[in-house]
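When we follow this note's numbering, the leftmost residue of the sequence shown carries the number 75, and every step to the right adds one.
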Amino acid sequence: MQSEMTGGDIQVGRYRGAVADGFSEPGFLDQLAKTGELVVLPGVQKLSEGRNRNVRLDLDHKAGRLAVAVKAFGEQSSLKDMIAVEHGSKARRTWLAARFLARKEVGTPQPVAFLERWEGSQLAESYYLSVYQDTISSFRDELVWLFRDDPECWKVMSLLQCVAKAIGAMHQAGFRHNDLGNQNILLRRTGDGQWGGVQFIDLNRARFDESGLSLEERARDISRIYLPSDLLRVFKEMYFGDEPPPEEFQEAERYFRRLYRIHSQTRRFRHPIRAIRGRRKEHLAIKYPIEKDMWIWDERSGQPINVMRPKDRNKFYPLSRHLHILGSTAAGLLPVWAEYRTLLKECFRKPVEMNDRIGVAVEPSETTWDRESGLLEGLGRVPVLVRFYANRSSNDHKFRSEIVKQLDRQKHRVSIALVQDRRSVLQPERWDAFVEEVFGLAGDSAESAEICHAINRVKWGIWDFEEHRRLLDGVEKARSKHPGLKLMGPAAIDFEYPSVMAALDNLPAGMRFDSLSHHLYVDRRGAPEEKQGGFSALEKFALARAIARWSGSCGDSLVVSEVNWPIKGTGVYSPVTSPYESPGPRYNDPSVSEDDYADYMLRYLLIALCSGMVDRVFWWRLVARGYGLVDDADAARWRERPAYLMLKMFLENIRDCVFERKPASRPGVEAFMFNHRSGRQLCVIYSTRGDMTVEPPFACSRVTDAFGRAVPVSPSLTLTGRPIYMFG
């Protein structure tokens with residue numbers, strides 16, 4: 075085996091080894107012969123230290139000065155020397171691996187030479203030399219930089235895609251790295267959010283075979299990659315491309331990852347001296363943020379992403395969170411339930427003035443606001459919600475405040491929402507300054523302010539109710555300078571009301587919300603009339619209102635400050651598909667067609683407002699590719715979806731109307747009666763059970779569909795899930 079491994083070796087001074095083509099001229103070989111002396115010269119640039127040292131040497135070459143990276147392998151045990159005799163030294167194995175990758179056109183620094191010196195059966199010196207890679211980074215360092223300094227989802231996805239594709243090409247070539255840590259993957263930043271030129275280093279453990287790799291071998295390599303668990307899921311899907319990762323691969327990858335975790339955790343027992351040395355250098359290491367503190371924003375879907383799978387997120391929940399929820403629920407369950415039963419009997423029994431009940435959220439930007447404001451004008455003088463984000467710049471806050479002032483001058487009733495990130499929790503003084511700034515800029519032009527966002531979803535940065543309370547500590551002081559500004563909260567999301575009760579129970583002393591605001595989605599059940607554990611949208615509204623009445627921490631008012639349905643076919647721009655469109659079938663996907671989205675929207679609004687349970691609904695949002703009333707997929711030509719046109723007609727029809735009653739109807743028929751201030755009657759009616767033929771509930775003179783198009787008046791009308799209008 076030794077003769078086979080040394081076939082083609084040349085003598086370079088006191089070393090045996092091999093030199094790549096283009097580096098074998100006598101003058102260059104003379105310098106290589108002095109490698110042992112050169113790597114220890116004072117002032118030599120050290121790239122890394124440890125058992126193996128990496129340094130940079132600048133050598134004279136026929137093409138000019140050549141920067142060379144030298145890896146000097148440290149002394150090793152006699153046992154490892156025996157292995158090296160049989161299988162080659164680390165330097166030799168690295169050389170052979172690099173040459174293989176170069177032949178297969180897989181990235182690795184250009185090999186220059188390997189050199190080794192034996193004293194009998196003892197390996198005295200060994201070096202691997204490659205062309206030094208200037209202005210290059212590593213997968214690890216780029217991830218750390220993104221996580222800490224530029225947490226934009228599309229950039230993280232771009233980086234993962236670049237690396238996954240490169241590893242796939244390496245494996246396709248029949249090469250298994252066997253030490254594929256993030257630090258051993260080099261690459262270059264080629265633009266904002268763009269990377270390329272992936273190169274693999276530290277190849278001495280590699281194995282390669284022209285016949286290719288098994289799924290188990292691929293899994294073993296991938297198991298050394300570090301990523302938070304949901305980003306790892308995405309990475310593995312990117313690696314396999316158009317097909318879901320095979321279950322055989324998934325099982326093997328999990329197995330090898332567990333083995334490596336155990337191997338890492340026991341290192342201090344197996345190599346105590348080495349572990350002590352490593353701890354001394356820990357302060358110099360580039361470190362990933364703690365996973366619970368990672369906060370990555372996805373502009374495409376308008377939300378942060380989860381970096382961890384639920385199982386891993388659960389490990390970070392503090393006990394106090396569960397205790398708060400348990401205590402508040404136990405204390406409030408009976409009185410809230412009693413209030414809820416009373417409210418259910420009141421639903422649809424009282425007149426409701428419809429003006430200013432339906433609002434929309436806008437997301438202004440300097441390049442598109444003119445178009446967005448034009449679309450807003452098309453809906454009339456509706457209430458508007460404008461968000462301010464703690465992770466954005468003061469310039470953005472100033473721009474949005476100017477929009478708030480503009481909308482106020484145009485007689486819109488404006489609400490603002492203050493959205494936290496994880497740094498807001500970790501650096502409370504930063505959040506306090508943000509609140510002061512936004513209130514100072516927009517507080518006198520806004521009617522109300524929602525404080526914090528989706529507080530029961532840790533991807534938005536809050537892990538427990540103590541953290542939430544700390545964010546609220548300075549709000550009352552900031553609000554005191556703007557006495558006309560009302561506060562809304564706690565702004566939890568979905569049908570998770572124990573979290574709402576716990577948050578209301580844990581407000582700072584003296585703080586009280588004027589309205590209970592909530593992001594009440596019902597999309598997981600499809601239509602708003604569908605039930606979840608006995609609760610349709612109506613029951614959910616009533617229960618939320620009961621909590622508002624029960625709590626001493628907010629007024630008897632309920633605002634739904636965010637709701638929509640995700641739209642099918644919008645890929646990563648949909649909040650339920652972000653951050654990556656996984657291959658294969660989707661299960662329990664709440665996405666709906668644009669037509670269903672429009673129908674469900676009107677039905678949601680009718681139930682929420684006419685029941686008397688909800689005081690205002692803000693639709694999220696006016697323009698968004700994955701969930702908006704208007705599709706901006708074509709930046710040059712925005713498209714008004716059916717929902718926009720139907721909402722426009724709905725607002726025109728119910729303007730200056732009062733909801734009066736919900737007449738008795740046969741099962742599956744939902745009718746809502748309104749009186750206009752002019753005295754005319756209006757009925758909005760639809761079916762929840764497919765096509766149904768019904769008699770009009772009153773003598774109507776005119777009927778239109780949801781877009782305002784005339785429908786023939788007859789003694790019987792065919793209803794569908796799309797509301798129609800009957801005019802008296």
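Even for Gly, the Cβ is constructed at its ideal location relative to N, Cα and C.
Proximity below 8 angstroms, CB of Phe147 to CB of Ser200: Yes, they are a contact pair.
For Gln246, the residue or residues it bridges with in DSSP: Under DSSP, Gln246 takes part in no beta bridge, so it has no partner.
DSSP three-state assignment for Arg130, whether helix, strand or coil: Reduced to three states, the DSSP call for Arg130 is strand.
Cα-Cα separation, Ala745 to Arg387: Between the C-alpha atoms of Ala745 and Arg387 there is a straight-line separation of about 44 angstroms.
Backbone CA spacing between Val129 and Gln119 [nearest angstrom]: Annotation: Val129 to Gln119 spans about 6 angstroms, alpha carbon to alpha carbon.
As assigned by DSSP and simplified to three states, the class of Cys526: Here Cys526 sits in coil by DSSP.
Own chain residues within Cβ distance below 8 angstroms of Glu511, not counting five before or after: Taken in chain order, the residues that qualify are Ser468 and His471.
Every unbroken beta strand (DSSP E) within the stretch 391 to 467, with a cutoff of 3 residues, ordered by chain: Here the runs fully enclosed are 432 to 436 and 458 to 463.
Three-state secondary structure assigned by DSSP to Tyr201: Assigned with DSSP and collapsed to three states, Tyr201 falls in strand.
Straight-line Cα distance separating Gly401 from Pro457: CA-to-CA, the gap between Pro457 and Gly401 works out to about 37 angstroms.
Beta-carbon proximity of Tyr414 to Ala576, cut-off 8 angstroms: The criterion of a C-beta distance shorter than 8 angstroms is not satisfied by Tyr414 and Ala576.
Where Ser498 falls: helix, strand or coil (DSSP): Residue state, collapsed to three classes: helix.
According to DSSP, residues forming a beta bridge with Ser475: Its beta-bridge partners do not exist; DSSP assigns none.
Where Arg783 falls: helix, strand or coil (DSSP): Of the three classes helix, strand and coil, the one that applies to Arg783 here is coil, per DSSP.
8 angstroms contact criterion, which Phe422 and Lys736 should meet: CB distance rounded: About 4 angstroms; that satisfies the 8 angstroms criterion.
Own chain, CB closer than 7 angstroms to Val488, minus 5 neighbours either side, in chain order: Here Val488 has Val458, Val460, Val478, Leu481, Asp482, Ser519, Ala520 and Glu521 as same chain residues with Cβ atoms under 7 angstroms from its own Cβ, once five neighbours each way along the sequence are excluded.
Beta-carbon spacing of Asp295, Asn252 below 8 angstroms: Yes. Within cutoff.
Range covered by the beta strand (DSSP E) that runs through Arg191: Counting along the chain, the beta strand (DSSP E) containing Arg191 begins and ends at Pro185 to Glu193.
Beta-bridge partners of Phe746, as assigned by DSSP: Bridge partners of Phe746 according to DSSP: Val758.
Spatially closest choice to Arg553 from Val732, Met720 and Ile490, by CA coordinates: Among Val732, Met720 and Ile490, the Cα nearest to that of Arg553 belongs to Ile490.
Where Ala92 sits in the DSSP three-state scheme: Residue state for Ala92 is assigned as strand, using DSSP reduced to three classes.
Given Glu655 as reference, the closest of Gln207, Leu305, Met747 and Glu668 once Cα atoms are compared: Nearest Cα to Glu655 within the set Gln207, Leu305, Met747 and Glu668: Leu305.
Nearest to Tyr89 (by Cα), restricted to the options Leu189, Val434, Phe314 and Arg763: Closest by alpha carbon: Leu189.
Residues bridged to Pro564 (per DSSP): Pro564 is bridged to Ser591.
Run of the alpha helix (DSSP H) containing Tyr718, from where it starts to where it stops: Tyr718 -> alpha helix (DSSP H) spans Pro716 to Ile728.
Outcome for Leu121 when other beta-carbon atoms lying within 10 angstroms are tallied against a minimum of 16: Result: exposed.
Complete alpha helix (DSSP H) runs within the stretch 248 to 310 (minimum length 4 residues, chain order): Taking only runs of at least 4 residues, the alpha helix (DSSP H) segments lying wholly in the stretch 248 to 310 are 289 to 296.
Backbone CA spacing between Glu160 and Arg374 [nearest angstrom]: Near 55 angstroms, if we compare the C-alpha coordinates of Arg374 and Glu160.
Nearest residue (CA-CA) to Leu438, options Asp430, Leu449, Met428 and Arg431: As written in the sequence, residue 438 is Pro, which differs from the Leu given in the question. Checking every option, the nearest Cα to that of Pro438 belongs to Leu449.
Nearest candidate by alpha-carbon position, reference Leu233, set Arg699, Arg263, Pro771 and Leu696: With distances taken between Cα atoms, Leu233 lies closest to Arg263.
Other residues of its chain near Ala238: CB distance less than 7 angstroms, five sequence neighbours each side excluded: Cβ neighbours of Ala238 beyond the five flanking positions: Phe309, Met312 and Tyr313.
Spatially closest choice to Met156 from Ala176, Trp624 and Leu197, by CA coordinates: If we check each option's Cα against that of Met156, Leu197 comes out closest.
Residues of its chain near Glu123, where Cβ-Cβ distance is below 8 angstroms and the 5 sequence neighbours each way are ignored: None.
Boundaries of the beta strand (DSSP E) in which Lys807 is found, first to last residue: Summary: the structure shown does not reach residue 807, with the chain confined to residues 75 through 802, and so no result is reported for it.
Close Cβ partners of Val381 (< 7 angstroms) along its chain, the five nearest in sequence each way excluded: So the list reads Pro302, Asp304, Leu305, Glu365, Met368 and Ile370, once near-sequence residues are dropped.
Whole-angstrom C-beta distance between Phe213 and Tyr362, which should lie under 8 angstroms: With 8 angstroms as the limit, Tyr362 and Phe213 do not qualify as a contact, their Cβ atoms being about 12 angstroms apart.
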